[in-house]
Every structure is written in C-alpha cells, then in structure tokens.
Amino acid sequence: MADLNPQQRAAMRHVDGPLLVLAGAGSGKTRVITCKIAHLIEDHALSPRYITAVTFTNKAAREMRERVGRILSRGQGRGLSISTFHTLGLNILKREHRRLGFKASFSILDAADSAHLIRELIGKSRLALDPDAARWQISDWKNDLIYPQQAVEQAADDRAMACAQLYAQYQRSLKAYNAFDFDDLILQPVRLFQTDEEAREHWQGRIRHLLVDEYQDTNGAQYELVRQLVGRLGHFTAVGDDDQSIYTWRGARPENLARLKEDYPRLKVIKLEQNYRSSGCILKCANTLIG
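Counting from 155, one number per residue, gives the positions in the sequence shown under our numbering.
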C-alpha cells in the first residue's frame, strides 16, 4: 500500500462517512478498493464479516478477491464478502425468504425460464403482446422499482395496461411457483428493507462498510439497495466514472453519481486523475472526444 498516490491514499483512509471516488479506466480504482478493505481490517480492526464489496461481473469480483488475498495474511480475510450485486441479493433472500412469504426451497428463473413463463401467461390470457417486448418492459419496471400496481396506475394506453396486467400475473405466478427471477434478486431485498425495519436494521448492522465498484452502472433498484443497506450513517465507498457507463441498455443510470451528492450531504468526493495505462497524448484525445 506504500505505492499509492496522494489521492488514492486519501480515498483509502476516508472511512468515517460516505465517499465517492471519481476515477477513469487505468487510474487504479480497483487498487483503492482492495487497499481500503485491507486498511479497514488491519488498521481499524473491523472484522471482515462486516465488510461487503460489490461489483457487476463474477470476473471482476473474482479478481478483487484475488487482489485482497495478496495483500492480507492467510486467513485474515475470512468472512469478507466480495460478490456481484445479484449474488448479494441472493444471499439476503436465502436468509430472509420467510419474511417475504417464500419457502427455503425457492428457485431462480433464468432468462429462458422467465421468457417461457411470460409466453405461457400471454397465451392463456390472450393478451395482444409481444413476449420479448413484454419481458423487457417488466424487467425495466423492476429495475426502476415500479411494482405491478404502480405500473397499472401509470399505464398511458391499452398496450401499457395489458403489459402491466401481465406483470401482475407474472409476479403472482412466481410466488405460486416459489420462485424469483433475476431482477427479483435486487427488487425483493429492496422491498423487504422498505417494509421491514427489523430486517433493515439487522443488515445495516451486518454490513458496516459497503464498497461499490462501477457505481455509474447501477440502476434504480441497485441504488436503493445500497441506500437501504448503508442507512443514515452512510459508511460506504462508491467508485465510478462519470464518463463511462456500459449498462444503460440494462437500466443503468449514470446520474446516480449525482444523486449521491443529494442524498448524502456529508459526501466526500475524491478524483483519481493520474492514469497508469495510457499516455498523455491518448488521454488528451480521449478527453476531447468525451468532452
């Protein structure tokens, strides 16, 4: 950790409140996260089981675990949670399914299972809907934290109403099958924390520092999950690049970076401006194109 630059070191050491690290590719943002995890464990004596880091791909989570493992002594990180958002959501559901009215044997529908169920429901109800378009619309609603009744109330035309009714049927079917779909892995924990204070406080006590990589790729549901988990104390570190979002097609909202400043007045912002991958000429051209 001795080779961190001043901005990286400041980000690593800020542990008493919300922190946003603005960092482009090649600026060492993942190193900041891994060093901060080690800093919390070694210098602040925070048990690894109270630390959670999330990112967007299994590959990124695996690489982060490997990097942390190279910094900490053997066994020092036992209990540390580094995963994708959806794996975190699944872990919450495994522990809290009864509060949501589901059995322990619940299943997770993959994209093919979800598409099959939607086609089946459209066929039975004779709704004039394209199955693929309806599936994406339902996914968009879930990513924006819009529940079936809200979708019905907001329907602006017959097609939107038909899709909202399908959404309600789809959720009822999932419950009957004791199943969640992929989007429910975020939506259902959020719903739980919004309605169950005991569950929310338990998880806020369990996750005492949350680190989120690629924050610009969060959608509305993921943003709210973070907000519910960190509570009013806001012990979290969000790392993002306000010039880059690769999941807008999946509902990502880059404006979530700006929302942090509104929701957390104590938010500290640190910019990592030194690039370790690209030459000055390449960076100048890239910034010109972005700007």
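Beta carbons: idealized from backbone N, C-alpha and C, even for Gly.
Simplified DSSP assignment, three categories, for residue i
i, result
"D367", "coil"
"V186", "helix"
"L244", "helix"
"C435", "Only weak support is given to the placement of C435: the predicted model assigns it a pLDDT of 49, under 50, and the value that follows is read from those uncertain coordinates. C435 falls in the helix class under three-state DSSP."
"H389", "coil"
"D157", "coil"
"A375", "helix"
"F347", "helix"
"I191", "helix"
"I424", "strand"
"L174", "strand"
"G223", "helix"
"G231", "coil"
"G255", "coil"
Opening and closing residue of the beta strand (DSSP E) in which residue i lies
i, result
"S235", "S235 to T238"
"L263", "S261 to L263"
"I205", "I205 to T209"
"V169", "No beta strand (DSSP E) holds V169; DSSP gives it neither H nor E."
"A333", "A333 to D335"
For residue j and residue i, the rounded distance between their alpha carbons
i, j, result
"R273", "G359", "42 Å"
"T188", "S259", "35 Å"
"L281", "E416", "42 Å"
"G385", "T238", "20 Å"
"A309", "A265", "25 Å"
"D311", "E217", "47 Å"
"L304", "I361", "Correcting the residue type first, residue 304 is Gln in the shown sequence and not Leu. Distance between the alpha carbons of Q304 and I361 is about 31 Å."
"Q252", "D286", "Reading the sequence as shown, one finds Arg at residue 252 and not Gln. Roughly 31 Å separates the two Cα atoms."
"R232", "R203", "7 Å"
"A269", "L234", "35 Å"
"A353", "Q370", "27 Å"
"H356", "R345", "15 Å"
"M166", "V186", "6 Å"
"D338", "V208", "17 Å"
"Q382", "E307", "25 Å"
"A316", "D298", "19 Å"
"L275", "T372", "30 Å"
"I191", "L200", "9 Å"
"L226", "L426", "24 Å"
"E351", "R326", "25 Å"
"Q342", "Q291", "18 Å"
"Q319", "L173", "41 Å"
"Y256", "H363", "Rather than Tyr, the amino acid found at residue 256 in this sequence is Phe. Looking at the two C-alpha atoms, the distance is approximately 29 Å."
"Q428", "V380", "28 Å"
"K183", "P302", "38 Å"
"A314", "A177", "39 Å"
"L421", "A215", "25 Å"
Buried versus exposed call for residue i [16 or more other C-beta atoms within 10 Å across all chains shown]
i, result
"Q331", "Sequence inspection shows Tyr at residue 331; the Gln mentioned does not correspond to that position. Exposed, because fewer than 16 other Cβ atoms sit within 10 Å of the Cβ of Y331."
"T349", "exposed"
"E378", "buried"
"R289", "buried"
"R407", "buried"
"E368", "buried"
"N212", "exposed"
"H193", "buried"
"A181", "The question names Ala, yet the displayed sequence has Ser at residue 181. The residue is buried, with at least 16 neighbouring Cβ atoms inside 10 Å."
"K248", "exposed"
"A412", "exposed"
"L387", "exposed"
"A446", "Because the chain in this structure spans residues 155 to 445, residue 446 falls outside the shown range and cannot be described."
"G124", "What is shown of the chain runs 155 to 445, which leaves residue 124 out entirely."
"D157", "exposed"
"H389", "buried"
"K296", "buried"
For residue i, the first and last residue of its enclosing alpha helix (DSSP H)
i, result
"S293", "P285 to N297"
"L328", "D312 to A330"
"E307", "P302 to Q308"
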